[in-house]
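Okay, so here's the structure we're looking at.
Residue numbers (my numbering): 70 to 369.
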């Protein structure tokens with residue numbers, strides 16, 4: 070069962086504020102999965118209008134979209150994420166103490182990138198591929214995808230916790246993959262995650278995916294390049310550090326050096342070992358989700 074809290078209600082309300090989208094959910098519940106074209110045909114909509122409806126449902130977390138090979142080429146298949154939903158309204162909205170921010174993939178505050186490496190915006194390349202100097206180009210703030218075989222990228226998470234408040238939990242959602250020369254679905258990479266200079270744990274990315282085009286990649290993006298990653302959620306709370314609910318470390322939210330008014334450094338780091346490695350981040354305009362790094366903070 071998929072649970073929605075107060076922080077999800079706005080996106081959920083926007084997604085359901087359309088008879089066409091509600092009807093699309095009913096069809097998916099009956100059929101299991103349908104292509105974007107099939108949904109458009111059944112609803113009497115143009116492909117462009119259907120794409121907008123699917124995007125709104127995906128943003129609310131109601132559907133998943135993936136590419137599938139068909140007799141007439143690649144089809145975008147849509148399915149319900151869960152058939153049963155629940156609203157958790159246990160806490161009154163005014164008692165909830167939380168905030169959310171999105172960090173553009175290109176808005177890193179520090180970096181060390183060794184080839185193979187590069188970055189791009191939806192409009193085109195930023196600097197030269199495999200030239201670490203591109204990461205210092207002022208245009209890096211507009212990047213929607215970046216990759217490096219060895220090194221790190223570090224972001225600053227805004228600290229909006231009032232004086233006297235205490236961090237309760239921190240969740241970071243991002244689309245992430247390994248970095249292989251070219252692409253390779255079997256290319257493990259151990260990625261270490263640090264917050265405020267404290268390593269909270271590591272996760273092994275299975276590969277660098279290029280078997281099908283990412284749903285959001287711009288038309289000029291070559292089919293031989295990194296196409297998409299895995300949508301992963303890093304969470305640190307009172308019980309420890311977790312990746313998609315699986316424990317990766319014992320560091321708790323109370324262990325993080327969060328000081329009043331100071332941003333919290335968030336670093337992803339990889340070391341090349343000769344057998345796999347690397348890091349690719351997909352943000353707005355790229356990958357399968359087209360979303361920047363999403364951060365949610367709860368405090369008390």
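Backbone N, C-alpha and C fix where the C-beta goes; we use that ideal spot for every residue, glycine too.
Item	Value
Could you spell out where the beta strand (DSSP E) holding residue 226 opens and where it closes?	214 to 226
Report the three-state DSSP secondary structure of residue 306 (helix, strand or coil).	strand
Based on the DSSP secondary-structure assignment, which residues constitute the bridge partners of residue 181?	221
How about residue 327 and residue 228: are their beta carbons less than 8 Å apart?	yes
Touch check for the segment 168 to 183 and the segment 191 to 204: three-plus C-beta pairs under 8 Å?	yes
Thinking C-alpha only, which one of 336, 299, 73 and 113 is nearest residue 276?	299
Report the three-state DSSP secondary structure of residue 65 (helix, strand or coil).	Within the shown structure, residues of the chain are numbered from 70 to 369, placing residue 65 beyond reach of any answer.
How do the segment 128 to 138 and the segment 307 to 320 stand: do at least 3 beta-carbon pairs fall below 8 Å, yes or no?	no
With a threshold of 6 Å on Cβ separation, who are the neighbours of residue 306 within its own chain once the five nearest residues in sequence on each side are excluded?	238 and 322
Does DSSP put residue 91 in a helix, in a strand, or in coil?	helix
Hey, is the segment 114 to 132 in contact with the segment 143 to 150, meaning 3+ C-beta pairs nearer than 8 Å?	yes
Less than 8 Å between CB atoms is the rule here; does residue 188 satisfy it with respect to chain D?	Going by chain labels, chain D is absent from the structure shown, which holds only one protein chain.
Verify whether the separation of the beta carbon atoms of residue 220 and residue 190 is less than 8 Å.	no
Does DSSP put residue 332 in a helix, in a strand, or in coil?	coil
On the criterion of 16 or more Cβ atoms from any shown chain inside 10 Å, does residue 269 qualify as buried, or is it exposed?	buried
For the alpha helix (DSSP H) containing residue 169, name the first residue and the last one.	It is not in any alpha helix (DSSP H) - residue 169 instead sits in the beta strand (DSSP E) that spans 167 to 172.
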